[in-house]
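Following: one structure in C-alpha cells, then a few remarks.
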Amino acid sequence: MSGLPVLVAMTAAIALDAVFGEPRRWHPLVGFGRWARQVERALYDDARARGLLAWALAVLPPLTAISALSLLAGWAGAWMAACVDAACLYFALGLRSLGEHARPVATALEAGRLDDARSAVGRMVSRDTGALDATGVAAAATESVLENGNDAVFGALFWCLLLGGPGVVLYRLANTLDATWGYRTPRLARFGWAAARIDDAMNWIPARLTALSYALLGRTRNALACWHRQAPAWDSPNAGPVMASGAGAIGVRLGGPARYHGRWEERPRLGEGAPADAASIDAALRLVRRTTALWLLATAAAVLLGALLGGRSHA
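Mapping the sequence shown onto this note's numbering, position 192 (from 1) lands on 192, and the numbers just tick up by one.
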C-alpha cells in the first residue's frame, strides 16, 4: 500500500476499533482458532517438521483467500482495496480491548479488592495469578499492556503499511499460532517451534519500532538505557526490548520471578523506578495510546511528504 489510501485504511480501522472494539460474535480469529485446533489434532507429532507443516496448513488457506480478495479489490480501484485493508486491520487490532482488560485490574487494585484484581489479570496473562500480591498483579498487567501494544496494535500497523490487508492477516495468524502452539511445554516444545520462530521473525522490526516509540514518548534516556542493558537478558528477543523500553519510559520496575503452569521461572528485572501499582497500568495504557497517535501522525507526514515530492517531480 502507498499514499493516502493506506492512511485512510489505518485511520478507519483504529476508529472502528475505538467505537466497536473487538466483535463479540463471529470474530474471524475465533474461527481460525477452531481451525488451528483441528489441524493440530490431525497433524500433531513431537517434531519440528510436523509443526511447520501444521503451521503452513493452518495459515495458507485463509491467507490465500484474503490475498485473492485484496487483488480483486485492487483491480476495482485503490479505494476499494483500502476498504479491504481497513477491514483486515480492524479485525486484527486490539487497542480498545487492552483497556477493557487492563482497567478492571487497576480499578480492583485501587479499591483494595485483591482477589478481583487477581481474577481480572488472569484473563490477560498466562502466568499463575492466585498467589500474586498487589504489586505482582499490577506488574503482570503492566507488562501485558506494554507487550500487547506491539502484538495487538503496532505489529499489525507495521504489516499493514508494508503489505496491506494480506500482510495484516499473515501477521495476526502467525501471532495467534504462536500464542496457541509457541509455549515451551514438553508437549509443544518441538511441535510449536516453527510457530514461535515465525512470530519472532515477523515481530523483529515492529518490536524495535515500538520500543523506540515508547522511549520517544516517555522518559527517553531511562527507556533507552533499560532497553540497552536489560533486553538482551530477556528470553524473548522481541518482548524484551518492548517491555524494557516501556517500563523505563513510564518509570516502573517490572520483570522478576513468575510462576507459569505450576513452575517458577527466573526472569530478569525490567525498567527502573517505583514498584508497579494501579497507576503504572494506566500509565502503560496512555503510552500505548500516545504511540498509536504518533504512528498515525508519522504516516500522515510521510504521505504529505510523498505528495509534495511527487508534485515537484511533475512541475
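For every residue, glycine included, the Cβ atom is placed at its ideal position computed from N, Cα and C.
Small disclaimer: the values here were computed from a predicted structure and weren't measured.
Under a three-way DSSP split, which group does MET1 fall into? Residue mapping note: residue 1 aligns to position 1 of the sequence shown, counting from 1. With a pLDDT of only 47 at MET1, under 50, the local geometry of the prediction cannot be trusted, and no value is derived from it.
Can you list, in chain order, the residues of its chain with a C-beta nearer than 8 Å to that of MET202? Leave out the 5 residues immediately preceding and following it. What you label residue 202 is simply residue 202 of the sequence shown in a count that begins at 1. Around MET202: GLY155, TRP159, LEU170, TYR171, ALA174 and ASN175.
Quick one: using the 10 Å Cβ neighbour count with 16 as the cut-off for buried, is SER126 buried or exposed? Taking the sequence shown and counting its residues from 1, one reaches residue 126 at position 126. Label assigned to SER126: exposed.
With a threshold of 16 other CB atoms inside 10 Å of the CB of GLY31, please say whether the residue is buried or exposed. What you label residue 31 is simply residue 31 of the sequence shown in a count that begins at 1. By the 10 Å Cβ count, GLY31 comes out exposed.
Just list the residues that DSSP pairs GLU265 with in beta bridges. Locating residue 265 in the sequence shown gives position 265, where the first residue counts as 1. Answer is ALA258.
Under a three-way DSSP split, which group does GLY271 fall into? Position 271 of the sequence shown, counting from 1, holds the residue named residue 271. The answer is strand: DSSP assigns GLY271 an E or B state.
So what does DSSP say about VAL125, is it helix, strand or coil? Walking along the sequence shown from the start, residue 125 turns up at place 125. Correct three-state label for VAL125: coil.
Please confirm whether GLY99 and LEU285 have their CB atoms less than 8 Å apart. Indexing the sequence shown from 1 puts residue 99 at position 99. Indexing the sequence shown from 1 puts residue 285 at position 285. Contact: yes.
Verify whether the separation of the beta carbon atoms of GLY165 and VAL84 is less than 8 Å. For the purposes of this step, residue 165 is taken as the residue at position 165 of the sequence shown. For the purposes of this step, residue 84 is taken as the residue at position 84 of the sequence shown. In contact: GLY165 and VAL84 (Cβ atoms closer than 8 Å).
Does MET1 pass the burial test, meaning 16 or more other C-beta atoms within 10 Å, or should it be called exposed? The count along the sequence shown starts at 1 and reaches residue 1 at position 1. Unreliable positioning characterises MET1 in this predicted model, as indicated by a pLDDT of 47, which lies under 50. The coordinate reading is nonetheless provided below. With 16 or more other Cβ atoms within 10 Å, it is buried.
Checking 8 Å against the spacing of the C-beta atoms, do ARG219 and ALA249 come in under that value? The residue you call residue 219 lines up with position 219 of the sequence shown. The residue you call residue 249 lines up with position 249 of the sequence shown. Cβ distance < 8 Å, so ARG219 and ALA249 count as in contact.
Could you check how far apart the C-beta atoms of VAL252 and THR142 are, in whole angstroms? I think they sit under 8 Å. Counting from 1 along the sequence shown, the entry for residue 252 is found at position 252. Counting from 1 along the sequence shown, the entry for residue 142 is found at position 142. 6 Å between Cβ atoms; contact.
Please classify ARG253: does DSSP put it in a helix, a strand, or coil? Here residue 253 refers to the residue found at position 253 when the sequence shown is read from its first residue. It is a strand residue.
Return the Cβ separation of ALA239 and TRP227 in integer angstroms, given the expectation that the two are a contact with Cβ distance under 8 Å. For this step, residue 239 is matched to residue 239 along the sequence shown. For this step, residue 227 is matched to residue 227 along the sequence shown. That pair is no contact at about 12 Å.
Do GLY51 and PHE191 have their CB atoms nearer than 8 Å? The sequence position of residue 51 within the sequence shown is 51, counting from 1. The sequence position of residue 191 within the sequence shown is 191, counting from 1. Going by C-beta atoms, GLY51 is nearer than 8 Å to PHE191.
Rounding to the nearest angstrom, what Cα-Cα distance links ARG290 and LEU163 in this structure? On the sequence shown, position 290 is the one that residue 290 refers to. On the sequence shown, position 163 is the one that residue 163 refers to. Between ARG290 and LEU163, the C-alpha separation is close to 24 Å.
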